[in-house]
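Enquirer: full-length UniProt numbering numbers the first residue of the sequence shown as 1 and each following residue consecutively.
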Amino acid sequence: MREYKIVVLGSGGVGKSALTVQFVQGLFVEKYDPTIEDSYRKQVEVDGQQCMLEILDTAGTEQFTAMRDLYMKNGQGFVLVYSITAQSTYNDLVDLRDTILKVKDTADVPMILVGNKCDLEDERVVGKEVGQTLARNWGSTFLETSAKQKINVNEIFFDLVRQINKRAPVNKDKKSKGKNAGQGSNSNPSVSSAKMGNDGLQTDSSNQHSSNNKGCCILL
Ligand SMILES: Nc1nc2c(ncn2[C@@H]2O[C@H](COP(=O)(O)OP(=O)(O)OP(=O)(O)O)[C@@H](O)[C@H]2O)c(=O)[nH]1
Ligand SMILES: [Mg+2]
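#1: Which complete beta strand (DSSP E) runs does the region 25-86 hold, if anything under 3 residues is left out?
#2: Contact check, Q76 vs Y4 under 8 Å by CB: the rounded distance?
#3: Contact between the region 33-52 and the region 72-92: three or more CB pairs below 8 Å?
#4: Tell me which residues share the same chain as S140 and place their Cβ nearer than 7 Å to its Cβ, disregarding the 5 neighbours each side in the sequence.
#5: Looking at I100 and I55, is the spacing between their C-beta atoms short of 7 Å?
#6: Please name the residue in A86, T133, G12, N152 whose C-alpha comes closest to that of D122.
#7: Cβ-heavy atom distance between V109 and ligand 1 below 6 Å?
#8: When DSSP labels each residue in this structure, what does S146 get in the three-state scheme?
#9: Let's test the definition: count the other Cβ atoms within 10 Å of the Cβ of T61 and tell me whether it reaches 16, buried, or not, exposed.
#10: Assign N116 to one of three DSSP states: helix, strand, or coil.
#11: Whole-angstrom Cβ separation of V8 and D57, contact assumed at under 8 Å?
#12: Can you check whether the CB of K117 is closer than 7 Å to the CB of F28?
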């Protein structure tokens with residue numbers, strides 16, 4: 001099964017972990033617990049293809065930036081998250097994207113701009129069109145989301161899978177490499193309960209989470 005290395009980036013408190021946990025585990029984390037680095041695995045079906053997503057939920061706080069180059073290098077798709085309730089979190093993404101392009105040494109990187117917390121309309125300070133414009137300038141896709149109300153959460157990850165597929169179409173040559181890994185979880189009865197995403201795509205409930213709260217570095 002093909003693996004997709006996805007990295008979730010953005011300033012502290014914008015909802016990176018809440019979005020990731022909502023996608024992987026289907027629940028909303030109300031409490032704010034700043035992340036050092038967490039990684040998750042989730043098997044999903046996108047356009048009839050089983051995919052294993054490896055999602056790296058990164059730290060928004062500056063002190064952990066030393067790990068950034070490494071995961072930017074290894075990441076295949078990037079979720080750049082701001083909060084529609086905090087202008088500075090939007091502004092911060094410009095530099096972050098520049099850093100990704102520099103590290104990857106290409107302008108063509110699968111990327112999605114995400115304006116999170118769209119349930120907090122009363123506290124909105126970043127207009128939807130402002131996000132759309134930035135994404136257009138970047139040539140990337142854009143979604144407003146709510147981890148709390150589960151709006152457009154699955155869509156973030158499915159969009160990235162499609163972007164990655166577009167740049168590097170599925171290679172069917174594979175001997176039986178990955179067969180064990182992929183089918184192991186397929187054959188697990190616990191993964192048969194499937195939810196449908198809004199766009200009709202299927203996500204299953206198999207997921208693994210490894211927390212890196214001890215400050216070790218997880219390599220994708
Ligand atoms: N109302 C609302 N609150 C949200 C949403 N997403 C996250 N939050 C809340 O915002 C706070 C921060 O969310 P986190 O997911 O921990 O933020 P983060 O980006 O992972 O922060 P760092 O790990 O420090 O980088 C938490 O209290 C969440 O419950 C959302 O869509 N709507
Ligand atoms: Mg976090």
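By construction, the Cβ of each residue, glycine as well, lies at the ideal position given by its N, Cα and C atoms.
Expert: So, to answer that:
#1: 37-46, 49-58, 77-83
#2: 6 Å
#3: no
#4: M111, I112, L113
#5: no
#6: A86
#7: no
#8: strand
#9: exposed
#10: strand
#11: 5 Å
#12: no
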